[in-house]
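Just so it is clear: in the sequence shown, position 276 is 276 by the UniProt record's numbering, and no numbers are missing. All C-beta atoms in this analysis are idealised placements derived from N, C-alpha and C, irrespective of residue type, glycine included. The next block holds one structure in the form of structure tokens; read it before the comments.
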Amino acid sequence: MDFGNFMHGIRENRTLLAAAAHLDVSRQVIMRLEDGLPTKLTKPQIESLIDFYHPSADDRAEALRLFEEVRAQDKASKAQGNSKGMWKAYSDQVAPNFEKFLRLEGVAEGIITYQPLIVPGLLQTPDYRRAIIRIEMPALSAVDVERRLELTAKRQVRLEENGFRMEAFLDEAALRHRPCTPAAMSIQLRWLTESSERDNVSLRVIPFSVGPHRGLTIQVFTLLRLPRGESGRALPPVVYAEGAIGSVFHENQEEVDVYDQAISGLREVALSEDDTRDLVNRVAKEYAT
Numbered sequence: 001m002d003f004g005n006f007m008h009g010i011r012e013n014r015t016l017l018a019a020a021a022h023l024d025v026s027r028q029v030i031m032r033l034e035d036g037l038p039t040k041l042t043k044p045q046i047e048s049l050i051d052f053y054h055p056s057a058d059d060r061a062e063a064l065r066l067f068e069e070v071r072a073q074d075k076a077s078k079a080q081g082n083s084k085g086m087w088k089a090y091s092d093q094v095a096p097n098f099e100k101f102l103r104l105e106g107v108a109e110g111i112i113t114y115q116p117l118i119v120p121g122l123l124q125t126p127d128y129r130r131a132i133i134r135i136e137m138p139a140l141s142a143v144d145v146e147r148r149l150e151l152t153a154k155r156q157v158r159l160e161e162n163g164f165r166m167e168a169f170l171d172e173a174a175l176r177h178r179p180c181t182p183a184a185m186s187i188q189l190r191w192l193t194e195s196s197e198r199d200n201v202s203l204r205v206i207p208f209s210v211g212p213h214r215g216l217t218i219q220v221f222t223l224l225r226l227p228r229g230e231s232g233r234a235l236p237p238v239v240y241a242e243g244a245i246g247s248v249f250h251e252n253q254e255e256v257d258v259y260d261q262a263i264s265g266l267r268e269v270a271l272s273e274d275d276t277r278d279l280v281n282r283v284a285k286e287y288a289t
């Protein structure tokens, strides 16, 4: 991703079409390169592309250094395995667009998510997650259900990593909807409060009583903050917006700004972390009775 971001930066006035024509490849190949996705471009092709962009001597050297770093890391990952790519073994269980989300989630230094109806995946208990899967795909085999649960559990390891932070906003409806049994809901909500005790997890609920707020129109989204790359350049944040049929990534700064403004609005109306825990515990007790 760092290398792709750097290549995008030095492309400057060259269009994607011109870059693709220079290498006699499709425009999508250059797009994948700049998105940090694997391509089959060789080192001579990369060198030719860099020269086509006419960068400064320093930028040319940096681009080649980053490319060699990518190749070295790729070789090491293939030899030893890479926990950041743990989702690849479950690629047949996720939508194509969700693979990109998992890749970004695996390297993000922090995420901010808004979930108006269900608990975020990183905070779901197995029974709750199983119920959600069954609602979405009732005919899915028991084996594939369990594989999806394994993927969720492996994703949740991120919460234990130093330097990773999660900020989650839930509507009160997410506490009140009951996709699973009352007993399972009680366990799920108690797990929410336990998780929110972590230093790197902030959980805040937007109660019904606040009335109109930006979350009512912005819908489900997750904003991923990415770390600064080895090149020293900051990787721009990415927003993953979910829909009933598909999903979309927003990477344009103007689009991301819309979600940043929505996050500011959610922070204004959401309960404090302590008041959130009180509410969640209260609802959990209701399910337990």
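| Check | Outcome |
| --- | --- |
| For serine 196 and threonine 276, believed in contact at Cβ under 8 Å, the rounded distance | 7 Å |
| Check whether glycine 4 and leucine 33 have beta carbons under 7 Å apart | yes |
| Nearest residue (CA-CA) to glycine 9, options Gly121, Val269, Leu41 and Pro236 | Pro236 |
| Rounded separation between arginine 282 and histidine 177 - CA only | 15 Å |
| Per-residue DSSP class, three states only, for phenylalanine 6 | helix |
| Residue range of the beta strand (DSSP E) that includes glycine 215 | Counting along the chain, glycine 215 falls outside any beta strand (DSSP E), though it belongs to the alpha helix (DSSP H) covering 215-218. |
| Residue range of the unbroken beta strand (DSSP E) whose run includes residue 290 | In the structure as shown, the chain begins at 1 and stops at 289. Residue 290 is therefore absent and cannot be evaluated. |
| Valine 198 burial status per 10 Å Cβ neighbour count (16 or more: buried) | In the sequence under discussion, the amino acid at residue 198 is arginine, which differs from the valine named in the question. Arginine 198 comes out exposed. |
| N- and C-terminal bounds of the alpha helix (DSSP H) containing threonine 152 | 142-155 |
| Straight-line gap, valine 269 to isoleucine 263 (C-alpha atoms, nearest Å) | 10 Å |
| Stretch-stretch touch, CB-based, cutoff 8 Å, three pairs: the region 99-118 with the region 163-171 | yes |
| Under the three-state DSSP convention, the category glutamine 124 falls into | coil |
| Where glutamine 261 falls, given that 16 or more other Cβ within 10 Å makes a residue buried | exposed |
| Threonine 222 beta carbon less than 7 Å from that of tyrosine 240 | yes |
| Start-to-end residues for the beta strand (DSSP E) that takes in glutamate 242 | 238-242 |
| Inter-residue spacing [alpha-carbon to alpha-carbon] between glutamate 109 and phenylalanine 6 | 19 Å |
| Neighbourhood of proline 227 by C-beta, 6 Å cutoff - its chain only, sequence neighbours within 5 removed | Glu109 |
| Closest by C-alpha distance to tryptophan 191, when choosing among Val258, Gly36, Val280 and Asp257 | Val280 |
| Outcome for leucine 123 when other beta-carbon atoms lying within 10 angstroms are tallied against a minimum of 16 | buried |
| Short Cβ contact (7 Å threshold) for proline 207 with isoleucine 135 | no |
| Span of the alpha helix (DSSP H) around residue 291 | Because the chain in this structure spans residues 1 to 289, residue 291 falls outside the shown range and cannot be described. |
| Endpoints, the beta strand (DSSP E) within which arginine 158 is located | Counting along the chain, arginine 158 falls outside any beta strand (DSSP E), and DSSP gives it neither H nor E. |
| Residue range of the unbroken beta strand (DSSP E) whose run includes isoleucine 112 | 110-115 |
| Of the listed residues Pro55, Met137 and Val205, nearest to glycine 265 (C-alpha basis) | Val205 |
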